[in-house]
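In what follows, a structure is listed as C-alpha cells, so that the remarks can point back to it.
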Amino acid sequence: MSDKTFTAVATLEEIPSGAKKVVTVNGVAILICHTGDRVFAVRNECSHAQETLDCGRMRAGWIACPIHGARFDLETGAALNPPATQPIQTYEVRVVGDTIEVAV
-6 MSDKTFTAVA TLEEIPSGAK KVVTVNGVAI LICHTGDRVF AVRNECSHAQ ETLDCGRMRA
54 GWIACPIHGA RFDLETGAAL NPPATQPIQT YEVRVVGDTI EVAV
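For the sequence shown, this note's numbering begins at -6 and goes up steadily by one.
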C-alpha cells in the first residue's frame, strides 16, 4: 500500500494533449504538462533562473525555460542543456478515469 496522497488537480478535458496548466497543491505551484499520450507534473520553476516554466515551449517529453532556453526532461526533471545544470522537481501523476491526480 502506498503512503502517497494524491490530489485531484484537473481533468483531461481541461488539459488536452499539447496543453499545460499551473495548479497549486499544498502551496506549491505545479505545472501539469500533457504531451503525446502522457501527463507529467513538475515544479513550475526553472532550476537555473528560478523563472516560471508555464510560458515555455513544450515538446515531446521536455519543456524549455522561456528566459534562457534551458530544457528539462518532463519525466526525470533532468536538465538537458545549458545554462541549466540542476534538475527540476517532478511529481508522481496518475489519471483516474478523466481526473488527473498528483502526489506532492
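Backbone N, C-alpha and C fix where the C-beta goes; we use that ideal spot for every residue, glycine too.
Could you give the first and the last residue of the continuous beta strand (DSSP E) run that contains residue i?
| i | result |
| --- | --- |
| K14 | K13 to V18 |
| E85 | T83 to V89 |
| V95 | T92 to A96 |
| T4 | F(-1) to T4 |
What is the C-beta distance between residue i and residue j, in whole angstroms, given that I count them as a contact (C-beta under 8 Å)?
| i | j | result |
| --- | --- | --- |
| A63 | A72 | 6 Å |
| V98 | I25 | Only positions -6 to 97 of the chain appear in the structure, and residue 98 is not among them; the question remains open. |
| V95 | T28 | That pair is no contact at about 16 Å. |
Inspect the beta-carbon positions of residue i and residue j and report whether they are closer than 9 Å.
| i | j | result |
| --- | --- | --- |
| F65 | C48 | no |
| A3 | T83 | no |
| T45 | V86 | no |
Skipping 5 residues on each side, what residues in its chain have a beta carbon closer than 7 Å to that of residue i?
| i | result |
| --- | --- |
| W55 | R64, F65, D66, L67 and L73 |
At 3 residues or longer, what runs of the beta strand (DSSP E) sit wholly inside the region 6 to 76? 13 to 18, 21 to 28, 31 to 36, 55 to 57 and 64 to 66
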